[in-house]
Each structure stands twice: as C-alpha cells, then as structure tokens.
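Notes follow the structure.
This is the structure in structure tokens:
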C-alpha cells in the first residue's frame, strides 16, 4: 500500500490516471501528446504507476496499451473508509445498548 | 474499435486455490454479491450467473479453459434490455504464479465503442477482486457494503 500512496502523491501521476479514466487503453504516444513533459518523464511516471499496480498494460503487436486499474484504490477504500465506517456503527450500537439498559 | 477494461490483483495464494475460488459456486457466492455461477466448466459448455433468487443475471459459454491458468468466457447481461442488446462480451481470466503470490488479470471487453455493459461491470470488478483477495488471504470475505448489480 506504500507504493500506491507514493504513486498517488504526485500531481503528474494523478493527471495520467485522470487521462486514463477519461479514455482507457491509451498508448505512450497518446499519453505524451497531452502532457507537458518529456517522453522520458512520462515513461518514468507510468513505470511507477505500474509498479503500484494502478496501471495495467497490455501489448498488442508493437503497441503497449495502458489501463487504469482501480483494484488498489478499492483496497484503500476497504482498508480505510470501510474501517472507519465500522467504528461508527460500533459506536452507535454501543450507544443503543447503553440507552436500552436504562430502566424506564 | 472496442471497449475494454483490465484489472490486476496480486493474491497470496496457490494456483489451485485461486482456480477453485473462480470456478466453485459455494466459493463464488462469498465474494460475488452472493451470486453463484453454473457451468460444467469445459469448452462449449453453457455458463450462467444467478441472482440469489435463482433468476439468470448473466449468461454465455466457456470459450477456453486451461486449469489453473486461463479461463475465457462469452458473457452477456440477461436482465437489463439495454445491456443485453449490446450482445456478447469476452471475459478473460489469466492466472500467473510469482513465488507465493498469484497475479490475476481480468480483461473484460466487447466489440463496441463506449459500451454501457463495460461501464456497468467496471464498478463491480474492483470490489469483487478485492473481496476475493481478502477471502483467499484471510479466510473471510469483505463485509457486504455494496448492493450488487442493480436489478
């Protein structure tokens, strides 16, 4: 999960993910066209995103297509948001128990 | 042109356990919104995914099967007319072993640009795969925070 947070910490990498969200399956060339940075920089950012499993790639002939992989983001939601949700539900259920224990 | 999504997840498990999780109804129900799948799991066999009440949600056919490495399904939605009208999609499961970790890649595609069906399943897959990972690694699936596909 460290890799995912590190990958998401950079605005250029978040922009690459947004571009893939808008249009999935783009090639390096297509992604470079819209980014104001060198091809090497885009390649490096994509490698970090792929290492964090946020981007999945598939080769089709000589072309490599990039896909946004939302599975690790869902893991974060389950790990953090889900956990906090459970805490709140437990607090409510404790409150209910307390209140119902009171004799009228 | 076509619509395609690729999902990758890494799961600490064995090839056989992952394969069984993908092809055994009792296992499927635990991580897939309580929906079992019915098939004889051989090439040409019909394939169905059922709602809890037994109605058919999705249906198709086994196109390729190579346990415990690869499974390809022909897959069509059967309960939403606008999705059914888009015809059959293709769902490929690739299982690769990397030490004590399995890399599971799901590629879901259809020969249609901007397909609503692919949009519709794209919200479900990350939850299903996260739940599968949690189940295989810890023995218990994720709490059910999602109502499943809109009926």
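Protein chains in written order, with our numbering: chain A, 160 to 263; chain B, 10 to 160.
Backbone N, C-alpha and C fix where the C-beta goes; we use that ideal spot for every residue, glycine too.
Cβ of residue i within 8 Å of any chain A Cβ
| i | result |
| --- | --- |
| residue 24 of chain B | no |
| residue 114 of chain B | yes |
| residue 13 of chain B | yes |
| residue 141 of chain B | no |
Alpha carbon of residue i to alpha carbon of residue j, nearest angstrom
| i | j | result |
| --- | --- | --- |
| residue 167 of chain A | residue 187 of chain A | 19 Å |
| residue 216 of chain A | residue 191 of chain A | 16 Å |
| residue 35 of chain B | residue 45 of chain B | 7 Å |
| residue 234 of chain A | residue 118 of chain B | 23 Å |
| residue 163 of chain A | residue 205 of chain A | 13 Å |
| residue 263 of chain A | residue 112 of chain B | Annotation note: pLDDT 49 at residue 263 of chain A (below 50); position unreliable, no value reported. |
| residue 15 of chain B | residue 221 of chain A | 19 Å |
| residue 92 of chain B | residue 130 of chain B | 11 Å |
| residue 182 of chain A | residue 73 of chain B | 29 Å |
| residue 49 of chain B | residue 57 of chain B | 10 Å |
| residue 37 of chain B | residue 197 of chain A | 45 Å |
Neighbour flag for residue i against chain B, beta carbons, 8 Å
| i | result |
| --- | --- |
| residue 254 of chain A | no |
| residue 237 of chain A | yes |
Where residue i meets chain A, residues with beta-carbon distance less than 8 Å
| i | result |
| --- | --- |
| residue 40 of chain B | Within 8 Å Cβ-Cβ: nothing; residue 40 of chain B doesn't reach chain A, min ~12 Å. |
Nearest candidate by alpha-carbon position, reference residue i, set the options
| i | options | result |
| --- | --- | --- |
| residue 227 of chain A | A/170, A/219, A/165 and A/185 | A/185 |
| residue 194 of chain A | A/164, A/172, A/235 and A/220 | A/172 |
| residue 120 of chain B | B/22, B/100 and B/20 | B/100 |
| residue 230 of chain A | A/222, A/164, A/258 and A/213 | A/213 |
| residue 71 of chain B | B/137, B/135, B/62 and B/81 | B/81 |
| residue 218 of chain A | B/106, B/116 and B/24 | B/116 |
| residue 110 of chain B | B/12, B/20 and B/61 | B/20 |
| residue 29 of chain B | B/17, B/18 and B/79 | B/79 |
| residue 175 of chain A | A/160, A/201, A/165 and A/161 | A/201 |
7 Å Cβ cut-off: residues of chain A touching residue i
| i | result |
| --- | --- |
| residue 136 of chain B | 233 |
Within chain B, partners of residue i - CB distance below 9 Å
| i | result |
| --- | --- |
| residue 189 of chain A | Near residue 189 of chain A there are no residues of chain B at all, since even the closest Cβ is about 14 Å away, more than 9 Å. |
| residue 226 of chain A | 13, 14, 15, 16, 17 and 116 |
Contact list for residue i against chain B, beta-carbon separation under 8 Å
| i | result |
| --- | --- |
| residue 215 of chain A | 15, 16, 17 and 114 |
7 Å Cβ cut-off: residues of chain B touching residue i
| i | result |
| --- | --- |
| residue 229 of chain A | 135 |
| residue 220 of chain A | Ordered by position in chain B, no residue passes the 7 Å Cβ test against residue 220 of chain A, which lies about 15 Å from the chain. |
Check: residue i C-beta below 7 Å from any heavy atom of the ligand COA
| i | result |
| --- | --- |
| residue 201 of chain A | By its list of ligands, the structure shown contains no ligand whatsoever, and the ligand COA lies outside what it can speak to. |
Three-pair Cβ contact test at 8 Å for the segment 109-126 of chain B versus the segment 84-99 of chain B: Flag = yes, the segment 109-126 of chain B and the segment 84-99 of chain B touch.
Is the segment 85-93 of chain B touching the segment 59-76 of chain B in the sense that three or more CB pairs, one from each, lie closer than 8 Å? Under the three-pair Cβ rule at 8 Å, the segment 59-76 of chain B counts as touching the segment 85-93 of chain B.
Report yes or no: do the segment 136-145 of chain B and the segment 52-62 of chain B share at least 3 C-beta pairs separated by less than 8 Å? No: fewer than three Cβ pairs fall under 8 Å.
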